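Visitor:
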């Protein structure tokens, strides 16, 4: 089997014993990218010479023999996370030409662990979207069917992992932007609990919802990568100071007697029946391993999309105010400074970003603040309480990640509301601040389906334990697209 | 539901929109705002708003200046216009 097709834990064994070098692994991944990325279009920026130089430095340092967690493992990074010396455009014209002066916290952690930072992956502009069609630099394709989208907003990261163009990748998840593309591309995607992974160096979209997390080929790799990126950081005031366990320690642990909640609100009319069947079969497989299945209710689920699109856009309208053509990025000169702001932002932002800034600005504006923004925050409380009540009855919750498989490019791009509703099963987790993972659980019409396992805040160990237990009885996660 | 004054909101957001964009965005936001009306079905009397999900409050650190370890030039290089260690921007006051 080619090196690029292996997982982190498979490669680690070879790298640590010196059977292969970081350069060989990196070269294998670069060859794979050269062979397929013209079809997948997952990368926005790649510097092969720089990647090989990093690999050589790792080989010289002996980091692999010393057992560093990611020594010699090529990792791709979503274009919203800063890597010093590499571009960071958030797939937006307004940041064309921007080069990061510093490393994000997670980037620093990856470097310390010996990872090779391969390049930048495509995304919806400023992480706003569910298909990667909102990128200013073109749409990424789903490796399982190149006419279809990979999901979003971290579509590039999901697609390159699924297509073996990276051993693993990082993305960000504000309303499902890791889990939904992982589901649609057939890889593993984990959204950590809010506050577990530092957001320092992640370009902010909606600060109370954003989290960075891993895309991997299996659950073991997700735990390995989480071990590297989790932990307190004084540079992020929402980073929670608490001890981080070894997330790999729970893998393989028996799930006998563990209670898995099935929320009736997540199995709804209108969702793809075959997707539902895959997810129910996955739950049955977990029951067969001794888990206890209990029915739970998350009664405010139907309000989550409305809450999300008020809160996330309101926060975005404030966060994106910094893109004004003064300190970085595009500047379009106007008659005066206000005119310059308007022209710069009018020409620099794409349609979805403008739409969301407009919605968020409106929701925060005088006379509407209480009716929209504050009411949404109150309903957010009700959604959190739903989860608190549910987690008294169960250890984790199992649901479909997405109500459907990957759709065709262009199918929803004319109707923003329809696109927003594709996040219906992932959004509540961000609003509540909890964690969740998507793992492959079958195929419908040749396209991957994801099982979502949701956990309470800081219950990553339980989520990973159940996800790994599921992998042990199925082989869906081993399927790879033929491109 | 009140009609949105698209020009006013665009001005607040500091985004210059073309007439075609205004028409399109106004129509789309109308649909979205009609959808979020469903939040009015709920009684939220006495419910505290959630601004963020962490249990942290007032995270403080000593107010000390520290070097960032990053060369100033690297920040300035990303600016559309800079000179003498400063960002150059359009005139604000006459």
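Residue numbers (the numbering used here), protein chains in the order written: chain Z, 2 to 484; chain A, 1106 to 1199. Glycine included, each C-beta is placed from N, C-alpha and C at the ideal position. Computed from a predicted structure; not experimentally measured.
Tell me, to the nearest whole angstrom, how far the beta carbon of residue 179/Z is from that of residue 187/Z; I am working on the premise that it is less than 8 Å.
Guide: About 14 Å; that fails the 8 Å criterion.
Visitor: Is residue 279/Z closer than 8 Å to residue 443/Z when the C-beta atoms are compared?
Guide: Yes, they are a contact pair.
Visitor: Using a Cβ-Cβ cut-off of 8 Å, state whether residue 1203/A counts as contacting chain Z.
Guide: An answer regarding residue 1203/A cannot be provided, because it is not within the stretch 1106 to 1199 covered by chain A.
Visitor: With residue 194/Z and residue 434/Z assumed to form a contact (beta carbons below 8 Å), what rounded beta-carbon distance in angstroms separates them?
Guide: Indeed, because the Cβ distance is near 7 Å, the residues count as touching under 8 Å.
Visitor: Please report the residue range of the alpha helix (DSSP H) in which residue 463/Z lies.
Guide: Element bounds for residue 463/Z: 461-474.
Visitor: What span of residues does the beta strand (DSSP E) with residue 217/Z cover, start to end?
Guide: Segment 212-217, the beta strand (DSSP E) holding residue 217/Z.
Visitor: Going by the beta-carbon positions, is the gap between residue 354/Z and residue 341/Z smaller than 8 Å?
Guide: Taking 8 Å as the Cβ cut-off, residue 354/Z and residue 341/Z do not qualify as a contacting pair.
Visitor: At a Cβ cut of 7 Å, what residues of the region 1146-1166 of chain A count as close to chain Z, listed as they run along the chain?
Guide: Listed in sequence order: 1147, 1149, 1152, 1153, 1154, 1155, 1156, 1157, 1158, 1159, 1161, 1164 and 1166.
Visitor: Consider the Cβ of residue 1121/A: report whether some Cβ of chain Z lies at a distance smaller than 8 Å.
Guide: Yes, contact with chain Z.
Visitor: Mapping the DSSP letters down to three states, classify residue 285/Z as helix, strand or coil.
Guide: Looking at residue 285/Z - three-state DSSP - the assignment turns out to be helix.
Visitor: State the Cα-Cα distance for the pair residue 108/Z and residue 270/Z, rounded to the nearest angstrom.
Guide: For residue 108/Z and residue 270/Z, the distance between alpha carbons rounds to 42 Å.
Visitor: For residue 1/Z, which of 119/Z, 203/Z and 199/Z has the nearest alpha-carbon?
Guide: As displayed, chain Z neither begins before 2 nor continues past 484, which places residue 1/Z out of reach and without an answer.
Visitor: Just by C-beta distance, which residues in the region 183-209 of chain Z are closer than 9 Å to chain A?
Guide: Per Cβ criterion, the list reads 194, 195, 196, 208 and 209.
Visitor: Please report the straight-line C-alpha distance between residue 474/Z and residue 1185/A, rounded to a whole angstrom.
Guide: C-alpha separation (whole angstroms): 56 Å.
Visitor: Can you check whether the CB of residue 292/Z is closer than 8 Å to the CB of residue 259/Z?
Guide: The answer is yes: Cβ separation under 8 Å.
Visitor: Can you find a C-beta in chain Z that's less than 8 Å from the C-beta of residue 1117/A?
Guide: Yes, its Cβ sits closer than 8 Å to a Cβ of chain Z.
Visitor: Around the Cβ of residue 1161/A, are there at least 16 other Cβ atoms within 10 angstroms (buried) or fewer (exposed)?
Guide: It is exposed - the Cβ of residue 1161/A has fewer than 16 other Cβ atoms within 10 Å.
Visitor: Are residue 466/Z and residue 426/Z closer than 8 Å when you measure CB to CB?
Guide: No, these two residues do not count as a Cβ contact at 8 Å.
Visitor: Flag residue 1125/A as yes if its beta-carbon sits less than 8 Å from any beta-carbon of chain D, otherwise no.
Guide: Going by chain labels, chain D is absent from the structure shown, which instead holds the protein chains Z and A.
Visitor: Any C-beta of chain A sitting closer than 8 Å to the C-beta of residue 358/Z?
Guide: Chain A contact via Cβ: present.
Visitor: Which bits of chain A does residue 103/Z rub up against, with CB to CB less than 7 Å?
Guide: Those within 7 Å of residue 103/Z in chain A are 1175.
Visitor: Write down every uninterrupted run of the alpha helix (DSSP H) in the region 42-128 of chain Z whose length is 4 residues or greater and which is fully enclosed by it, in chain order.
Guide: If we require 4 residues or more, the alpha helix (DSSP H) runs fully inside the region 42-128 of chain Z come out as 49-62 and 106-113.
Visitor: What did DSSP end up calling residue 242/Z once you bin it into helix, strand or coil?
Guide: DSSP places residue 242/Z in coil when its eight states are reduced to three.
Visitor: Which residue from 152/Z, 266/Z, 346/Z and 64/Z puts its Cα closest to that of residue 96/Z?
Guide: Of 152/Z, 266/Z, 346/Z and 64/Z, the residue nearest in Cα terms is 346/Z.
Visitor: With a floor of 3 residues, list each beta strand (DSSP E) that falls wholly inside the region 289-368 of chain Z, ordered by position along the chain.
Guide: Within the region 289-368 of chain Z, the complete beta strand (DSSP E) runs of at least 3 residues are 293-297.
Visitor: In chain Z, which residues lie with their C-beta within 9 Å of the C-beta of residue 1132/A?
Guide: Here the premise fails: no neighbours, minimum Cβ distance about 11 Å.
Visitor: For residue 486/Z and residue 210/Z, which I take to be in contact (beta-carbon distance under 8 Å), what is that distance rounded to the nearest angstrom?
Guide: Past the boundaries of the shown model lies residue 486/Z; chain Z is included only from 2 to 484, so the question cannot be answered.
Visitor: Indicate the three-state DSSP secondary structure (helix, strand or coil) for residue 158/Z in the structure shown.
Guide: Residue 158/Z: helix per DSSP, three-state reduction.
Visitor: In chain Z, which residues lie less than 7 Å from residue 1179/A when you measure between Cβ atoms?
Guide: Going along chain Z in sequence order, the residues near residue 1179/A (Cβ under 7 Å) are 102.
Visitor: Are the Cβ atoms of residue 391/Z and residue 306/Z separated by less than 8 Å?
Guide: No. Outside cutoff.
Visitor: Assuming residue 184/Z contacts residue 171/Z (C-beta within less than 8 Å), just tell me the rounded distance between them.
Guide: About 17 Å separates the two Cβ atoms, so there is no contact after all.
Visitor: Is residue 128/Z near residue 173/Z, with beta carbons less than 8 Å apart?
Guide: Taking 8 Å as the Cβ cut-off, residue 128/Z and residue 173/Z qualify as a contacting pair.
Visitor: Could you pull out every residue in the same chain whose Cβ sits closer than 6 Å to the Cβ of residue 204/Z, ignoring the five residues on either side in sequence?
Guide: 81 and 91.
Visitor: Exposed or buried, what is residue 222/Z when buried is set at 16 or more other beta-carbons lying within 10 Å of its beta-carbon?
Guide: Classification of residue 222/Z: buried, given that the 10 Å Cβ count is 16 or more.
Visitor: Under 7 Å Cβ to Cβ from residue 301/Z, same chain only, skipping five residues before and after it: list those, please.
Guide: The residues are 380, 383, 384 and 387.
Visitor: Skipping 5 residues on each side, what residues in its chain have a beta carbon closer than 8 Å to that of residue 208/Z?
Guide: Once the five neighbours on either side are set aside, the close Cβ partners of residue 208/Z are 200, 239, 316 and 320.
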